[in-house]
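Notes to accompany the following structure.
In full-length UniProt numbering, the protein residues as written are 1 to 108.
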């Protein structure tokens with residue numbers, strides 16, 4: 001399974017950004033907001049009980065905020081039935097790839 005249906009949508013809000021990452025059965029599983037606090041990046045996360053997307057959104061939000069120099073919220077909802085550990089790793093790799101592609105297309 002290539003998980004090619006995993007997609008990223010970016011919504012600018014003023015100088016900040018909301019990034020939506022969805023795939024499979026789309027929903028809201030977690031949201032992480034990364035913001036600058038002086039020279040450090042802080043991340044606040046909310047996750048729907050039983051969902052695991054926060055494992056990915058925390059680092060994605062932090063990386064996007066670091067690269068784009070703004071506040072970034074990543075909202076993610078990805079669901080596929082009965083994934084193996086290897087397939088879960090593929091989903092993680094795919095989300096990192098779509099974020100990397102997006103960030104590479106941005107000029108800061």
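For glycine and all other residues, C-beta sits at the position ideal for the given N, C-alpha and C.
Under the three-state DSSP convention, the category residue i falls into
i: residue 102; result: helix
i: residue 17; result: strand
i: residue 60; result: helix
i: residue 83; result: coil
i: residue 55; result: helix
i: residue 48; result: coil
i: residue 6; result: coil
i: residue 92; result: helix
For residue j and residue i, the rounded distance between their alpha carbons
i: residue 68; j: residue 21; result: 17 Å
i: residue 23; j: residue 40; result: 31 Å
i: residue 104; j: residue 18; result: 17 Å
i: residue 51; j: residue 78; result: 9 Å
i: residue 86; j: residue 27; result: 22 Å
i: residue 65; j: residue 1; result: 30 Å
i: residue 46; j: residue 82; result: 24 Å
i: residue 62; j: residue 33; result: 8 Å
Distance between beta carbons of residue j and residue i, contact taken as under 8 Å
i: residue 48; j: residue 30; result: 7 Å
i: residue 96; j: residue 76; result: So it is not a contact: roughly 12 Å between Cβ atoms.
i: residue 56; j: residue 84; result: The Cβ separation is near 17 Å, so there is no contact.
Same chain, Cβ closer than 6 Å to residue i, five either side skipped, listed in chain order
i: residue 94; result: 3 and 6
i: residue 9; result: 20
i: residue 36; result: none
i: residue 71; result: 16 and 35
i: residue 99; result: 60
7 Å Cβ shell around residue i - same chain, five flanking residues per side excluded
i: residue 106; result: 68
i: residue 102; result: 8 and 10
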